[in-house]
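First comes the structure, then the notes that go with it.
Residue numbers (this note's numbering), protein chains in the order written: chain A, 7 to 113; chain B, 35 to 153.
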């Protein structure tokens with residue numbers, strides 16, 4: 007199985023900060039990577055697919071990059087609505103797996 | 035409105051069975067791959083099963099042989115039959131859609147249904 011490792015596990019930041027979350031795959035997954043945002047008690051919400059494609063309706067301050075085994079999610083200017091937990095997920099081959107999550111907290 | 039609504043969760047004893055349902059609306063259900071994803075309390079996300087438009091199915095090792103995913107396109111419905119349940123299966127179960135022709139990841143999620151395995 008392909009393992010997905012996110013860093014950091016927790017991130018403290020202020021409104022307006024540029025935030026970067028990293029996701030590493032244990033083997034190459036090409037561009038088959040998605041990023042999700044999840045708020046407490048809610049289902050995850052797709053932000054980015056195919057490593058860098060922005061899902062319709064998602065603000066342009068979110069961006070994704072990477073290929074192969076290393077990927078990043080960047081929030082260019084953190085907004086109050088962005089404090090949440092973020093997950094990466096590969097869909098290169100079954101079984102699909104998620105990273106352990108990165109909680110973005112208010113500094 | 036594109037929507038997925040899960041039902042069928044509840045309390046079940048270890049070793050018991052439960053069948054989850056997911057009702058789809060607002061899109062052509064038969065054209066999309068469908069999945070189940072679960073999340074234990076205060077835990078991360080775990081992919082549980084998938085079914086393609088042609089009925090092909092996939093499972094991770096943790097549930098293979100115990101869980102069965104199925105779909106009924108005429109009813110716009112997805113199902114998950116769960117047998118031999120253990121405490122480790124306690125979680126919120128989400129159904130989720132994948133748009134295969136753009137390689138979307140899970141682009142639509144239901145609200146989730148809680149499954150608790152306990153005596």
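Think of the CB as a built atom: it goes at the ideal place given N, C-alpha and C, for glycine as much as any other residue.
query                                                                                                                                         : result
Can you find a C-beta in chain A that's less than 9 Å from the C-beta of residue 84(B)?                                                       : yes
Buried or exposed: which applies to residue 112(A), given that a residue is buried once 16 or more other Cβ atoms fall within 10 Å of its Cβ? : exposed
Mind reading off the beta-carbon distance from residue 85(A) to residue 25(A)? Whole number of angstroms is fine, and I expect it under 8 Å.  : Not a contact, Cβ separation roughly 11 Å.
Going by other Cβ atoms of all chains shown within 10 Å of its Cβ, with 16 needed for buried, is residue 41(A) buried or exposed?             : buried
Please classify residue 83(A): does DSSP put it in a helix, a strand, or coil?                                                                : coil
Does the beta-carbon of residue 76(B) have 16 or more other beta-carbons within 10 angstroms, so that it is buried, or is it exposed?         : exposed
Please state if the CB of residue 9(A) and the CB of residue 103(A) are separated by a distance shorter than 9 Å.                             : yes
Roughly how many angstroms lie between the CA atoms of residue 144(B) and residue 55(B), to the nearest whole one?                            : 11 Å
What is the residue span of the beta strand (DSSP E) that residue 1(A) lies within?                                                           : With chain A covering only 7 through 113, there is no way to say anything about residue 1(A).
Should residue 136(B) be labelled buried (16 or more other beta-carbon atoms within 10 Å of its own) or exposed?                              : exposed
Can you tell me whether residue 122(B) is helix, strand or coil according to DSSP?                                                            : helix
Rounding to the nearest angstrom, what Cα-Cα distance links residue 59(A) and residue 12(A) in this structure?                                : 19 Å
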